Amino acid sequence: AQSVTQPDIHITVSEGASLELRCNYSYGATPYLFWYVQSPGQGLQLLLKYFSGDTLVQGIKGFEAEFKRSQSSFNLRKPSVHWSDAAEYFCAVGASKAAGNKLTFGGGTRVLVKP
Amino acid sequence: NAGVTQTPKFQVLKTGQSMTLQCAQDMNHEYMSWYRQDPGMGLRLIHYSVGAGITDQGEVPNGYNVSRSTTEDFPLRLLSAAPSQTSVYFCASRRSGRNQPQHFGDGTRLSIL
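Protein sequences, first through last, are from chains B and Y. Under our numbering, think of the first position of the first sequence as 2, with each following residue one higher. Under our numbering, think of the first position of the second sequence as 129, with each following residue one higher.
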C-alpha cells in the first residue's frame, strides 16, 4: 500500500528566507507525486506534479520540487518566501494504475511566515 | 467557471441525524471523490466515482453512502451521524487519465454533537 510522510508538522520561516518542505513516500511502482497548498478555510490548490521525465519540477507561485527515487523523496522548495505563502502544504502520491482517485495524502506541514 | 461547488459550508448535527453533503462540478469531469480532513492525518478518501452510475469505496467508507446519477453531482450521505464524523469534508473532481490533477471544492465543515 502507498503511504506519504511529511516529517515536519510546523515550520516557521522569515519572509524572504528560503523554504524546504520534506515529503517521503512509499510505493512499489512508479509514483505520481503532487504538492497541494491549502489556505485557511479554503480547498486544496495544486502547486505542482511529477509523473516522469525531469526530476526537478517547476510549479506555480515560485515553488519547485525535486523527485529523488533513491531517497523516496519529493521535497518542495521556494527560494524566497512571501507572507502570502503562509498555509498548509500537503504532499500526495497517486497509484499509477489506479482507475479511480486513489490519492494518498501526507499529514500536512503548516508554514508560518514571520515578518 | 464555478469549478467544484460544495454545500453547505458549515453544518451542525446531533448524533443520529442524517444529512446529505452536496457536491457539483461544471467541468464535465469523469472522476469525483469525497475526502475527509482531520488534524495531522491529511485527507483520507471516503468514496469515489469513475463515472455516472459507478461508485467504489475508499479508505474510510463506513458510515457514508454515495451515488452518482449524473456526471455533475456526487452527494455524500451520512445516514446516522456520529461524533467521530466531525470533520472537514472535501469533494474533488478530475478528468480521466493518469496525469490529471484533482480539483477541490472549498469544503464543508461538519460538527456532530
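Glycine is no exception: its CB is placed at the ideal position from the N, C-alpha and C atoms. What you are looking at is a predicted structure, and each value in this text was computed from that prediction instead of being measured.
Rounded C-alpha distance that separates residue i from residue j
i: Q43 (chain B); j: F218 (chain Y); result: 10 Å
i: W162 (chain Y); j: S195 (chain Y); result: 11 Å
i: E158 (chain Y); j: H231 (chain Y); result: 12 Å
i: D9 (chain B); j: V114 (chain B); result: 15 Å
i: I240 (chain Y); j: C151 (chain Y); result: 20 Å
i: P41 (chain B); j: G235 (chain Y); result: 11 Å
i: Q213 (chain Y); j: L47 (chain B); result: 26 Å
i: I61 (chain B); j: L141 (chain Y); result: 38 Å
i: Y28 (chain B); j: F202 (chain Y); result: 29 Å
i: S73 (chain B); j: G168 (chain Y); result: 21 Å
i: K98 (chain B); j: A2 (chain B); result: Here the model assigns K98 (chain B) a pLDDT of 48, short of 50, so the residue's position is not dependable and the matter cannot be decided.
i: A100 (chain B); j: G225 (chain Y); result: Residue confidence is low: A100 (chain B) scores 44 on pLDDT, short of 50, so the model does not pin down where it sits. No coordinate-derived value is stated.
Residue-chain proximity (residue i, chain Y), Cβ-Cβ < 9 Å
i: K115 (chain B); result: no
i: F64 (chain B); result: no
i: V94 (chain B); result: no
i: K103 (chain B); result: yes
i: V5 (chain B); result: yes
i: F91 (chain B); result: yes
Neighbour flag for residue i against chain B, beta carbons, 9 Å
i: V140 (chain Y); result: no
i: V188 (chain Y); result: no
i: L171 (chain Y); result: yes
i: Y192 (chain Y); result: no
i: S161 (chain Y); result: yes
i: R223 (chain Y); result: no
Residue i vs residue j beta-carbon contact at 9 Å
i: M147 (chain Y); j: A209 (chain Y); result: yes
i: Q139 (chain Y); j: R237 (chain Y); result: yes
i: T56 (chain B); j: R70 (chain B); result: yes
i: Q39 (chain B); j: R23 (chain B); result: no
i: W36 (chain B); j: L49 (chain B); result: yes
7 Å Cβ shell around residue i - same chain, five flanking residues per side excluded
i: F106 (chain B); result: V5, F91, A93
Chain B contact residues for residue i, given Cβ-Cβ distances below 7 Å
i: P229 (chain Y); result: F35, L47, K50
Cross-chain neighbours of residue i in chain Y, by beta carbon under 8 Å
i: Q43 (chain B); result: D234, G235
Chain-order list of residues whose beta-carbon lies under 6 Å from that of residue i (same chain, five-residue window excluded)
i: R205 (chain Y); result: T148, N193
i: Y51 (chain B); result: L34, V58, F68
i: S81 (chain B); result: G17
i: S53 (chain B); result: none
i: A130 (chain Y); result: D154
i: R111 (chain B); result: H11, E89
Chain B contact residues for residue i, given Cβ-Cβ distances below 8 Å
i: F218 (chain Y); result: G44, L45
Listed by chain order, chain B residues near residue i by CB distance under 9 Å
i: G168 (chain Y); result: I10, G108, G109
Beta-carbon proximity list for residue i, same chain, < 8 Å, skipping 5 on both sides
i: D184 (chain Y); result: H175, Y176, S177, V178
i: G181 (chain Y); result: R196, S197
i: P211 (chain Y); result: T143, I240, L241
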